[in-house]
Structure formats: structure tokens, C-alpha cells
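In the working numbering, the protein residues as written are 68 to 192. In this text, a Cβ means the ideal position worked out from N, Cα and C, and glycines have one as well.
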């Protein structure tokens, strides 16, 4: 499927404690604030693990991202469904390459706005 200006691509996921630990191991990124659960038994997700859901569009549509900017607005936790809403703002051909601009917003199952992102890339198709 080809992306067009105005398209909306949505991803949903529940990150688990195992996902959190695997990410920390692979990224060599540890922090005490990610190692202890809150009073509900939830663990705080790393910001870039949360943001990885926004970049799924890159793999699914063969986009080479060259710029990603994120504003982390609220904390994300294991066990909660998060939804990434990605909107194609613009596609422009420059010198034979298709450049794409995407706005990405991530919400949790309670409707809390967790992350706002701006993604810029090149469509490789």
C-alpha cells in the first residue's frame, strides 16, 4: 500500500515487563526508575521504547527516517494499551526522491496524551 497526504496509520500495543527488560538489555539502558513497579504493579517505560511505536510506520512502508523529534508529555507504563496515531502531513518529490513528513501522537488507554512527534523521512519504494 502506498501512503498519500492525509493518510492516517494507527498502531496499538501493550508493552510488558519483559519488553521493558529486553529493551533495557539491548540498548544497555538501565535506570532505577524503570526497575521498580508503582503501587499498581506497573513499570515506567523508557521514552524511546514508547517512541518506537511511532517509527513502526518506517518499517511497514519502507521509510528511511532522517529526523525524529519527540516531546514526551506524560509517562507510559507496562500493561497499558498505547495507541500511536500517525498522520501523513506532506509528500514531496525533490530530485527524484519522495520526502515524507509525518505527525505522530501517542495516547494511553485512558486517553492521556503521552508523546507528540514529528517524523521526516524518504520513501524508499
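- Within the DSSP secondary-structure output, residue 172 pairs in a beta bridge with 152 and 183.
- Counting C-beta pairs closer than 8 angstroms gives three or more between the segment 75–90 and the segment 144–157, which meets the contact rule.
- Counting C-beta pairs with one atom in each stretch, the segment 99–115 and the segment 135–143 have three or more that are closer than 8 angstroms, which means they touch.
- Residue environment for residue 144: buried (at least 16 other C-beta atoms within 10 angstroms of its C-beta).
- Cβ neighbours of residue 191 within its own chain (closer than 6 angstroms, five residues either side excluded): 129 and 131.
- At a cut-off of 3 residues, the continuous stretches assigned as beta strand (DSSP E) that sit fully inside the segment 71–138 are 75–81.
- Around residue 187, the same chain offers 132, 133, 134, 135, 166, 167, 168 and 169 as residues with beta carbons nearer than 8 angstroms, after the five sequence neighbours per side are excluded.
- Sorting 189, 126 and 181 by C-alpha distance to the C-alpha of residue 157 places 189 at the top.
- Residue pairing from DSSP places residue 164 in a beta bridge opposite 161.
- In the three-state scheme derived from DSSP, where H, G and I count as helix and E and B as strand, residue 191 is classed as coil.
- Within the same chain, 149, 150, 152, 180 and 181 come within 8 angstroms of residue 174 by CB-CB distance, once the 5 residues on both sides are set aside.
- Across the set 159, 178 and 127, the C-alpha of 178 shows the shortest separation from the C-alpha of residue 147.
- In this structure residue 122 is buried. Its beta-carbon is surrounded by 16 or more other beta-carbon atoms within 10 angstroms.
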